[in-house]
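Structure, as structure tokens:
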Amino acid sequence: MQTKNAKTMEGIVIELEVNNHAGVMSHVAGLFSRRGFNLEGILCGSIGDGSKSRMYLLVRDDEKLEQIIKQLRKLYDVVSVSVRRDYDLALYSRIHEDNKGTKNFT
Amino acid sequence: MKYSGAEIIIKLLEIHGIKIVEGIPGGANLPLYNALYKSGIRHILARHEQGAGFMAQGMARSTGLPAVCFATSGPGATNLITAIADAKLDSVPVIAITGQVSSSLIGTDAFQEVDTYGMTIPITKHNFLVKKAEELLSVIPESFRLAASGRPGPVLIDVPKDVQLEKIEVSEWPSVLAVDKPPAPDDKVVREAAMAINASERPVLYIGGGAISAGAGPLISDLALKASIPVSSTLMGIGALASGHPLYAGMIGMHARRKTNEMFREADLIIALGVRFDDRATGKVDEFCPRARIIHVDIDGAELNKNKRVDISVISGLAEFLNDILPLIERNDRREWIDKNFGVCDETPEPGNVEPGYFGPKRLLNLIARYLPGDAIITTDVGQHQMWTAQYYPVKIPRTLLTSSGLGTMGFGMPAAIGAALAYPERTVAAICGDGSILMNIQELAVISEERLNVKVIIFNNGHLGLVRQQQELFYGKNYIASGFSCRPDFCLIARGFGIKSYDLGSADDPEGELEKALAEPGPCVINAPIMGSMNVYPMVVPGGGNHEMIGGEGNAD
Ligand SMILES: Cc1ncc(C[n+]2csc(CCOP(=O)(O)OP(=O)(O)O)c2C)c(N)n1
């Protein structure tokens, strides 16, 4: 994961709904390293009653995207996958300030 | 009634029809073995967990059904890893159940603790770390469904010792989950594919392991015969069409016949069924089929457009696709194209001159085929002997050639043969082994001996890591390093040490008669066959080159 200035932040967000248990993050992150995909940022939080989480993966919009999506869809704990081109990527660069607790980012 | 987690696992394996489990016990899976003690499931004690994994693979590959193996935590699990990775790359439904240290010790670097779950994420179709005994009631049936559904693959279930011991009330047992129905193709795409096939002058069917998984051989044959389309197979697809089928053009790729690779180069349409455009099959992928449009059908959508951009991609079960498209296909004899590819001189010669006292690999494989029953199952190790088997052994029936294709794991052959022999005790199984590979799992001779399995272990003994020596000869300036053996073990003596009969064709007065005798006699044996150390596999695609850049084997270039 690397941070960039909000203005230069590029890419798109893959939004995943996943079963919420300890191994899911390993499955998702492991997929990216094993297949040589780039992962620029991850945001994640549980939703609803806590049995599911939503993950927002910041990735490059390149020719590998189609394969990334297909491989993510194959993961057992991934319930749904969608590509968001309309999200505000500035969130990923603000994360450090946001995390210091002055703002709420979910 | 109350059951422990271990008892639940065994009971559920019984419910799923498991009759045989291979494995090795240890501290972290002893509760599981204690539950097995009271079960009718037969346990085969492997001598190395990799052996257990390959035995399960031998069962799964020969039957098409999930097979189960056990290992303890730590070294048991790490020893299993190669066999699981091998199953992943060749899409084999193996279910591995590993013991883990107790939940309270996880993360403490406890005795024999490794992160089995973390380590097996990239080499399984899916894996589970079970937290409570109750979860087993869904995890086990799910694992069977997953392993066998869609594109098959290995599933690992890691079960901490306290979960194996935890007792819970079970009032009702879950039933077996149905395997997912393969997806059916979209009508429009089927019509588009049919039009492309009907319009093609020089079509080729390129088939792989998916054809075997789907049992699609007969439908592929129907399509080939109706529209006169030559068929070529990957290593994994061998057997889908019987050797000798009028339209079967043999294996594609690195060690294909020149003519077969040339056929792909000239083709105007490739119909790729259950294949993944692996580099050993396609050669340099940019130069693969330069003149052809490509139709790619696979049950796993992620394979479409992964290694090669195709023109028509179809997510579908192969049987579903073929049943739908067959009525739309026009009869066509494509005389010129067929004559061109199935003309005279289809025989591949011996790859080199054979001196007295040695077997030529082609002759040896032909003799083995002649003396074995028609339904015999062949397994191989990895190396020259494997490629010679793929080139020369006339495989007639699907699932009778079991070989480590994707991972290319030396030491696969003998334990896989054990698995096949356990699954089909009435058939003969022959393991074609290299003198290098056999040493990687030679300990499993103990299992062949104990179970008196009808396994013939045939060692192609060339005193080398032959395929490595070949590469050094051809591409590394004959700088032979670490590819020759100065210790040549007496495999016949080793076999006798395990209580197994042996035959040395090198010292026999009538080697051919000796081979016939060895293969005809029921029960296990080890056969040592001398092969010249200088013999190569030909023809061969230059590594990194396109499939048309072949060396050697000009004899069948036409
Ligand atoms: C576990 C493993 N280690 C190393 C290799 C690399 N390798 C591929 S073929 C080969 C030589 C195999 O020798 P042998 O079993 O005697 O068969 P031959 O090629 O001589 O027929 C080696 C070392 C491999 N495929 N698998």
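From first to last, the protein sequence lines stand for chains A and B. The numbering of the first sequence is my numbering, which starts it at 1443 and goes up by one. The numbering of the second sequence is my numbering, which starts it at 3 and goes up by one. All residues carry an ideal CB built from backbone N, CA and C; glycine is no exception. Values in this document were obtained by computation on a predicted structure and should not be read as measured data.
| query | Going by beta carbon distance, what residues of the same chain come within less than 8 Å of residue 333 (chain B), once the five residues before and after it are set aside? | reply | 228 and 229
| said: How far does the beta strand (DSSP E) with residue 316 (chain B) in it extend, from its first residue to its last? | reply: 314-317
| query | Pick from B:494, B:508 and B:458: whose alpha carbon is nearest that of residue 527 (chain B)? | reply | B:458
| field | Contact test: residue 50 (chain B) Cβ vs ligand 1 heavy atom, cutoff 7 Å | value | no
| field | Any C-beta of chain A under 8 Å from that of residue 183 (chain B) | value | no
| field | Any C-beta of chain A under 8 Å from that of residue 128 (chain B) | value | yes
| said: For the pair the stretch 206-214 of chain B and the stretch 323-333 of chain B, tell me if three or more CB-CB distances fall below 8 Å. | reply: no
| query | DSSP state of residue 163 (chain B), grouped into three classes? | reply | helix
| request: Determine, using beta carbons only, whether residue 543 (chain B) comes closer than 8 Å to chain A. | output: no
| message | With three or more C-beta pairs closer than 8 Å as the rule, is the stretch 404-420 of chain B touching the stretch 380-396 of chain B? | response | yes
| task | Could you tell me whether the Cβ of residue 276 (chain B) comes closer than 8 Å to any Cβ of chain A? | result | no
| Under the three-state DSSP convention, the category residue 494 (chain B) falls into | helix
| According to DSSP, what are the bridge partners of residue 131 (chain B)? | B:160
| query | Which residues in chain A sit within 7 Å of residue 570 (chain B), going by Cβ to Cβ distance? | reply | Outside the displayed span of chain B (3 to 560) sits residue 570 (chain B), for which this structure offers no information.
| query | Which full runs of the alpha helix (DSSP H) of 4+ residues lie inside the stretch 339-382 of chain B, going along the chain? | reply | 363-373
| said: Below 7 Å, is the gap between the Cβ of residue 411 (chain B) and the nearest heavy atom of ligand 1? | reply: yes
| said: At a CB distance below 7 Å, what residues from the stretch 1498-1515 of chain A approach chain B? Give them in sequence order. | reply: 1508, 1509, 1512 and 1513
| query | Relative to chain A, which residues along the stretch 289-320 of chain B have a C-beta separation below 9 Å, given in chain order? | reply | 302, 303, 304, 305, 306, 307 and 308
| query | So is the beta-carbon of residue 356 (chain B) under 7 Å away from any non-hydrogen atom of ligand 1? | reply | no
| task | Taking residue 119 (chain B) as part of the alpha helix (DSSP H), name the residues at either end of that continuous run. | result | 118-122
| Inter-residue spacing [alpha-carbon to alpha-carbon] between residue 21 (chain B) and residue 60 (chain B) | 15 Å
| query | Hey, is residue 474 (chain B) close to ligand 1, as in C-beta under 7 Å from one of its heavy atoms? | reply | no
| field | residue 393 (chain B): CB within 7 Å of a non-hydrogen atom of ligand 1 | value | no
| said: Using the Cβ count rule (16 or more neighbours within 10 Å means buried), how would you classify residue 355 (chain B)? | reply: exposed
| query | At which residues does the beta strand (DSSP E) containing residue 98 (chain B) begin and terminate? | reply | 96-102
| task | Spatial neighbours of residue 16 (chain B) within its chain, please: CB distance less than 6 Å, with the 5 preceding and 5 following residues excluded, ordered by chain position. | result | none
| task | Identify every residue that forms a DSSP beta bridge with residue 323 (chain B). | result | Bridge partners of residue 323 (chain B): none, in fact.
| message | Which residue marks the beginning of the alpha helix (DSSP H) containing residue 36 (chain B), and which one marks its end? | response | 32-39
| When B:62, B:101 and B:93 are compared against residue 73 (chain B), the one with the closest alpha-carbon | B:101
| Reference residue 434 (chain B); option with closest CA among B:491, B:294, B:532 and B:32 | B:532
| task | Could you tell me the boundaries of the alpha helix (DSSP H) in which residue 281 (chain B) lies? | result | 281-284
| CA-to-CA distance, residue 432 (chain B) to residue 177 (chain B), given in whole angstroms | 37 Å
| said: Is there a Cβ of chain B sitting closer than 8 Å to that of residue 1495 (chain A), yes or no? | reply: no
| request: Output, in sequence order along the chain, the residues in the stretch 1465-1481 of chain A whose CB is closer than 7 Å to any CB in chain B. | output: 1465, 1468, 1469, 1472 and 1476
| Just to confirm, does residue 55 (chain B) get its C-beta within under 7 Å of one of the non-hydrogen atoms of ligand 1? | no
| query | Is the distance from the Cβ of residue 207 (chain B) to the Cβ of residue 222 (chain B) below 8 Å? | reply | yes
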